[in-house]
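The opening residue of the sequence shown carries number 1 in full-length UniProt numbering; numbering runs sequentially from there.
Remarks on the structure that follows.
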Amino acid sequence: AALCKTSATYIRNANRRHTQGPRYLVGQKVWLATKDLSLMVVNKKLAPRFIDPFPITKIINPVAVRLRLPLALK
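Here it is, written out as structure tokens:
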């Protein structure tokens, strides 16, 4: 009984901090993070963190989307 009560308390406290992520739509524009891109910059520290808003072409799942990127970034 005590374990069930403790487990319920842990679940309630964990779920209190969870929030819904943004819902994306096809055609909506989003910024692209440059964290995993190899940009030709002199100093990575001074490189932009995000680049141009790109339109969404396909929603793969709620947290992954496909973007229409220029040929230079493909």
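All residues carry an ideal CB built from backbone N, CA and C; glycine is no exception.
Only a predicted model underlies this, so the values are computations on that prediction, with no experimental measurement involved.
For residue i versus residue j, is the C-beta distance shorter than 8 Å?
i, j, result
"L32", "I60", "no"
So, under 8 Å CB-CB, residue i and residue j are touching, yes? Tell me the CB distance rounded to an integer number of Å.
i, j, result
"P55", "G27", "6 Å"
"A47", "T34", "6 Å"
Could you check which residue in the options has the C-alpha nearest to that of residue i?
i, options, result
"L25", "L71, M40, L67 and T9", "L67"
"V30", "K58, Q20 and H18", "K58"
"M40", "A72, S7 and L3", "A72"
"P22", "P70, A64 and K74", "A64"
Got a sec? Which residues, its chain only, sit under 8 Å from residue i by beta carbon, not counting five neighbours each side?
i, result
"K5", "none"
Which residues in the same chain have their Cβ closer than 7 Å to the Cβ of residue i, if we skip the five residues on either side of it in sequence?
i, result
"P53", "K29, V30 and W31"
What does a CB cutoff of less than 6 Å around residue i pick up in its chain, not counting 5 residues either side in sequence?
i, result
"N43", "none"
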